[in-house]
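Per full-length UniProt numbering, the sequence shown starts with residue 1, numbered consecutively.
For every residue, glycine included, the Cβ atom is placed at its ideal position computed from N, Cα and C.
Take a look at the structure below.
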Amino acid sequence: MSQSKAPEVRHVEIDAEMAGQRLDNFLARELKGVPKSHIYRLLRSGQVRINGKRAGQTYRLSAGDTIRIPPVRVSQSAVGRVVPHGKPLPVVYEDDALLVIDKPAGMAVHGGSGVSFGVIEQLRRQRPDARLLELAHRLDRETSGLLIVAKKRSALAALHDMMREGRVDKHYITMVAGRWMHPRQHLRDPLYKYQTADGERRVRVQADGKAAHSIVTLRRRWQTMSELGVELKTGRTHQIRVHLTHAGFPLLGDDKYGDFALNKTLAKTAGLQRMFLHAARLAFHHPLSGEPVAVEAELPAELLAFRRWVEQQEERDFGEAL
C-alpha cells in the first residue's frame, strides 16, 4: 500500500469561528482519512497538545487556543475513500452563514457504515478553501431534496437548536400504496429505534418509543395510489416511512418498510428504482440575521416521470384522479 509523505508538526490557532467544537471532532476534520481510533491514541499518548498541555477528547475548543497536531501518515487509499468524485452538488440557496443543497437520491449525507463518502465529503472536495462545512440535519440516503449545511459554527449551533425546538418547517412529498381519504391528518405514533440481528438500523411504532408527529395532507389520489404532503413536527429516524406504513400506506419504492412485491413490479413496469420521498420545502428564520428564509426543490425527473406513468395507467383503467 502506497503511503503519502508524513506531514510536519502543525500548530493551529483557534479563532472565534472554530471555537466551541469538541477536540476529537476538530481533529477528525483536520486529519482526513485517519481512523478515529488512531486519533484517540494520539490524544491518550499526549501527542496532541493544547496550549502546551494534554487535553481529553471531549475538550471544547476556545478562541485563542493553540493546538499541536503531530505528524500522521495517511495512506493514499484512505484519502481516496474520503475524497469523492462526481457532479457538483446543486446549491439552491447560499449566504455567508449557510447553504442549502438539493441532494440526489441514493447518496448518503456522510461517509461511514459501509459508505466511503457522502454529501458532506463531496461538498468539502468541491470547496477545499471552505473553513467549515457541517450538516445541520440529515436525510435518509434514499431520500432526495433539501439539506442545510452550515458555513459558520455560530450558525450551526443555532440551526441545531432550531431543529431540536421544531422551528424549521420541513415539508416532504411522497407517493404511497393505497387510497388516502383524509384531506389532512395528524399521525402521532411513538417511534422506537432498534437494530436487526445483522446490525441494520430500523424503527417501529412502540408505546415506549419517542414522541413523533407528522402532519399528512392529500395532494393527489387515484384508485390504488396517493400522493401526499408530509410536514414533520419532529425529526425521528425514518419517521415518515414508519408512520405511513403503520397507517397502512407504505411508501412506493421503500426497501425497508414498503410493499416489496409491489416495489418489484413497479421497478419492472414503471422504472421506479428508488423510494418516492422528496424533501421539497424548508422554511425558517435565518440563524444569524433572523430574516425569513424559504427554499423549494422541484420533484426530480424520475419521480415526475413515475407520476405521469401513474396518471396514465390509472386514468386509463379507472378514470380521472381526484
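Beta-carbon proximity of residue i to residue j, cut-off 8 Å
i	j	result
K233	H246	no
I173	G229	yes
A9	P71	Ala is not the amino acid found at residue 9; the sequence shown has Val there. In contact: V9 and P71 (Cβ atoms closer than 8 Å).
F276	A177	no
F117	L61	no
S226	R179	yes
residue 324	R274	No answer is possible for residue 324: it lies beyond the span of the chain, which begins at 1 and ends at 322.
L187	V149	no
L252	M175	yes
Cβ-based neighbour list, residue i, same chain, cut-off 7 Å, excluding 5 preceding and 5 following
i	result
Q313	none
A78	Low per-residue confidence applies at A78: pLDDT is 44, beneath 50, and the placement is therefore not dependable, though the value from the model is reported in the following sentence. G33.
K210	P190, L191 and R236
P90	I101 and D102
G20	R60, L61, R153 and A157
W309	A270
E17	R131, L132, K152 and R153
residue 335	No answer is possible for residue 335: the residues shown for the chain start at 1 and end at 322.
G46	R54
Bounding residues of the beta strand (DSSP E) (the contiguous stretch that carries residue i)
i	result
D169	D169 to A177
M163	Looking at the DSSP string, M163 is not in any beta strand (DSSP E); the run it does join, the alpha helix (DSSP H), is R153 to R164.
E227	M225 to L232
residue 323	Coverage of the chain is limited to positions 1 through 322, which leaves residue 323 absent and any answer about it impossible.
E296	P292 to E296
R202	R201 to V205
Q185	R184 to L187
Contacts around residue i, its chain only, beta-carbon distance under 6 Å, and the 5 residues preceding and following it disregarded
i	result
R307	none
I67	V12 and I50
L31	V72
P287	A155, A158 and L159
Cβ-Cβ separation, residue j to residue i (assumed contact under 8 Å), whole Å
i	j	result
L304	V168	No, L304 and V168 are not in contact; Cβ-Cβ is about 26 Å, not under 8 Å.
D96	K151	7 Å
D15	A63	6 Å
G145	A297	5 Å
Close beta carbons around residue i, own chain, < 8 Å, minus the five adjacent residues each side
i	result
L299	I173, H278, A280 and R307
D24	K36, I39, Y40, L43, Q57 and T58
V109	K103, G118, V119, I120, L135, R138, L139, R141 and L147
R127	L133
K264	none
Q195	R201 and R202
G80	In this prediction, G80 has a pLDDT of 44, which is less than 50 and means its spatial position is unreliable; what the coordinates show is noted afterwards. Same-chain partners within the cutoff: there are none.
V293	Y93, L282, A283, F284, H285 and H286
Residue i - containing alpha helix (DSSP H), residue span
i	result
F306	A301 to D317
Y93	That residue, Y93, is in no alpha helix (DSSP H); its beta strand (DSSP E) goes V91 to E94.
D102	It is not in any alpha helix (DSSP H) - D102 instead sits in the beta strand (DSSP E) that spans L98 to K103.
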